[in-house]
Amino acid sequence: MIVFEKPKALTDAVLHYCPGCTHGIIHRLVAEAIDDLGIQGRTIGVASVGCSVMAYNYFDVDMVQAAHGRAPAVATGVKRSDPNNIVFTYQGDGDLAAIGTAETVHSAARGENITVIFVNNAIYGMTGGQMAPTTLPGQVTQTSPYGRDVKTVGYPVKICEMLSQLDGAAYLERVAVNNVKNIKNAKKAIKKAFQNQVEGKGFSLIEVVSTCPTNWGLPPVKALEWLEENMIPYYPLGVYKDKYAEEVK
Amino acid sequence: MAKPIFNKDICKGCGLCVTVCPKGIVALATDEINIKGYHPAGVTDEDKCIGCAFCATMCPDCVITVEK
Chain U
1 MIVFEKPKAL TDAVLHYCPG CTHGIIHRLV AEAIDDLGIQ GRTIGVASVG
51 CSVMAYNYFD VDMVQAAHGR APAVATGVKR SDPNNIVFTY QGDGDLAAIG
101 TAETVHSAAR GENITVIFVN NAIYGMTGGQ MAPTTLPGQV TQTSPYGRDV
151 KTVGYPVKIC EMLSQLDGAA YLERVAVNNV KNIKNAKKAI KKAFQNQVEG
201 KGFSLIEVVS TCPTNWGLPP VKALEWLEEN MIPYYPLGVY KDKYAEEVK
Chain R
1001 MAKPIFNKDI CKGCGLCVTV CPKGIVALAT DEINIKGYHP AGVTDEDKCI
1051 GCAFCATMCP DCVITVEK
């Protein structure tokens, strides 16, 4: 009996991500959710610009690669053209929380029936580790060598908290992938976000607090510890909005 | 009996699986280099494996399949 194997919604392509990069875990969780719900044949993914730009090589579903930050806008079009499709976007923090903030906010405000997977690793990964909107105060990056100075560049953007104020958003949860327990919770959250779309409940966004060992300058195991000690206190995990649960009350 | 199968050629030697094994039997090879140039992960004592699949859950690269 097989206890654990690679999900069918992933191709056999070898991931290009750095050793220990949690993108691989999140790819697998999305693929497992697609497998569990049996929606592989009608799922369309929209990849972002960033390290996950080549996600179309890894998901065994139809994929579109959107211009930087525009994945929710492209997903809106794909979903509205045939609402029977299950449409998800897979975006990093440089994509979703910086250049794509407008698309993110307005797709949530419109209550588009799409699923957004937001990978937050507090840095621009692909371009070599520059400061991102989600970089923590005091965090050292290539463009903040003395640590992020909030007096000159301001404070990080907390996407889940921000979107939770919008009536259009149906489900917002922040999860992490730093240990087995959190990965299991992340799996549940991602599956629920897809389930919501299948049931037509509207905009779901799952923020996954993630690592970037290469650009944080840490070995993979130490990066997970750094995530737990620094990122989770600043980006608390939990459900930020569940419109359906509120209606049930 | 539980049996973890490591697809060693796609392992990047990040060591995340090593940290989560409750039995402490997952280790990076010290005397072996895979096709990508990394020291791949494997099990030291397969008889002790309980098939929890924690290593496979933690692996970013789907290296591990667990059978029971």
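Sequence order for the protein chains is U and R.
For the first sequence, counting from 1, position 121 maps to 121 in the working numbering; every step adds exactly one.
One rule links them: number in the working numbering = place in the second sequence (from 1) + 1000.
Ideal Cβ placement from N, Cα and C applies to all residues, glycine included.
Interface residues of chain R facing residue 232 of chain U [CB-CB closer than 8 Å]: Position 232 of the first sequence, counted from the start, is the residue given in the question as residue 232 of chain U. Correct list: empty, because the minimum Cβ distance to chain R is about 17 Å.
Per DSSP, what kind of secondary structure is residue 1044 of chain R in: helix, strand or coil? The sequence position of residue 1044 of chain R within the second sequence is 44, counting from 1. Three-state result, residue 1044 of chain R: coil.
Determine whether the Cβ of residue 1010 of chain R lies closer than 8 Å to any Cβ atom of chain U. The sequence position of residue 1010 of chain R within the second sequence is 10, counting from 1. Taking Cβ atoms only, chain U reaches closer than 8 Å to residue 1010 of chain R, which makes this a yes.
With a Cβ-Cβ cutoff of 8 Å, do residue 30 of chain U and residue 183 of chain U count as a contact? Counting from one through the first sequence, the residue named residue 30 of chain U turns up at place 30. Counting from one through the first sequence, the residue named residue 183 of chain U turns up at place 183. Between residue 30 of chain U and residue 183 of chain U, the CB-CB gap reaches or exceeds 8 Å.
Ignoring anything shorter than 3 residues or poking outside the region 148–206 of chain U, list the beta strand (DSSP E) runs there in chain order. 169–176
Between residue 1016 of chain R and chain U, is any beta-carbon pair separated by less than 8 Å? By 1-based counting over the second sequence, the position of residue 1016 of chain R is 16. Chain U contact via Cβ: present.
Quick one: what's residue 1006 of chain R bridged to in DSSP? Counting from 1 along the second sequence, the entry for residue 1006 of chain R is found at position 6. DSSP, once it has assigned bridges, lists R:1064 as partnering residue 1006 of chain R.
At what residues does the beta strand (DSSP E) containing residue 77 of chain U begin and finish? Working through the first sequence from its first residue, we reach residue 77 of chain U at position 77. Counting along the chain, residue 77 of chain U falls outside any beta strand (DSSP E), though it belongs to the alpha helix (DSSP H) covering 71–81.
From residue 1029 of chain R to residue 1055 of chain R, what does the alpha carbon distance come to, in whole angstroms? Locating residue 1029 of chain R in the second sequence gives position 29, where the first residue counts as 1. Locating residue 1055 of chain R in the second sequence gives position 55, where the first residue counts as 1. For residue 1029 of chain R and residue 1055 of chain R, the distance between alpha carbons rounds to 15 Å.
For a cutoff of 8 Å on Cβ pairs, would you count residue 206 of chain U as touching chain R? Numbered from its first residue, the first sequence carries residue 206 of chain U at position 206. So no, residue 206 of chain U is outside the interface.
Please determine, among U:170, U:132 and U:208, the residue with the shortest C-alpha to C-alpha distance to residue 215 of chain U. What you label residue 215 of chain U is simply residue 215 of the first sequence in a count that begins at 1. Comparing Cα positions, the closest option is U:132.
Closer than 9 Å, Cβ to Cβ, to anything on chain U: give me those residues from the region 1019–1051 of chain R, in chain order. 1019, 1020, 1036, 1038 and 1051
I'd like to know whether the C-beta of residue 1083 of chain R is nearer than 8 Å to at least one C-beta of chain U. An answer regarding residue 1083 of chain R cannot be provided, because it is not within the stretch 1001 to 1068 covered by chain R.
Are the CB atoms of residue 86 of chain U and residue 118 of chain U within a distance shorter than 8 Å? Residue mapping note: residue 118 of chain U aligns to position 118 of the first sequence, counting from 1. Residue mapping note: residue 86 of chain U aligns to position 86 of the first sequence, counting from 1. Against a cut-off of 8 Å, the Cβ pair of residue 86 of chain U and residue 118 of chain U comes out as no contact.
Kindly list, in the order they appear in chain R, the residues whose Cβ is closer than 9 Å to that of residue 17 of chain U. Residue numbering aside, residue 17 of chain U sits at position 17 when the first sequence is read from its first letter. In chain order: 1012, 1060 and 1061.
For residue 64 of chain U, write down the residues that DSSP places opposite it in a beta bridge. The residue labelled residue 64 of chain U in the question sits at position 64 within the first sequence. BP columns for residue 64 of chain U point to U:46.
Give the interface partners of residue 160 of chain U over in chain R, defined as CB-CB distance under 9 Å, in chain order. Within the first sequence, the letter at position 160 stands for residue 160 of chain U. The premise fails here: residue 160 of chain U is roughly 23 Å from chain R at the closest Cβ pair, so nothing lies under 9 Å.
Closest to residue 1023 of chain R by CA distance: which of R:1035, R:1046 and R:1014 is it? For the purposes of this step, residue 1023 of chain R is taken as residue 23 along the second sequence, with counting starting at 1. Among R:1035, R:1046 and R:1014, the Cα nearest to that of residue 1023 of chain R is on R:1046.
Which complete alpha helix (DSSP H) runs does the region 112–151 of chain U hold, if anything under 4 residues is left out? The region 112–151 of chain U contains no whole alpha helix (DSSP H) run of 4 or more residues.
Given this structure, state the Cα-to-Cα distance separating residue 165 of chain U from residue 171 of chain U, to the nearest angstrom. Here residue 165 of chain U corresponds to residue number 165 of the first sequence, with the count starting at 1. Here residue 171 of chain U corresponds to residue number 171 of the first sequence, with the count starting at 1. Spanning the two alpha carbons is a distance of roughly 12 Å.
Express the C-alpha separation of residue 124 of chain U and residue 156 of chain U in angstroms, rounding to a whole number. By one-based count along the first sequence, residue 156 of chain U stands at place 156. By one-based count along the first sequence, residue 124 of chain U stands at place 124. Going by the C-alpha atoms only, they are around 13 Å apart.
For residue 116 of chain U, I'd like the list of residues in its chain whose CB is within less than 6 Å of its CB, leaving aside the five on either flank, ordered along the chain. Counted from its first residue, the first sequence places residue 116 of chain U at position 116. Cβ within range, chain order: 89 and 205.
Residues of its chain near residue 1050 of chain R, where Cβ-Cβ distance is below 8 Å and the 5 sequence neighbours each way are ignored: As a position in the second sequence, residue 1050 of chain R is number 50, starting the count at 1. Contacts found: 1002, 1022 and 1023.
Interface residues of chain R facing residue 23 of chain U [CB-CB closer than 8 Å]: By one-based count along the first sequence, residue 23 of chain U stands at place 23. In chain order: 1060.
Name the chain R residues that come within less than 7 Å of residue 220 of chain U, Cβ to Cβ? Translated into positions along the first sequence, residue 220 of chain U becomes position 220. Under the 7 Å cutoff, chain R gives 1014, 1015 and 1016.
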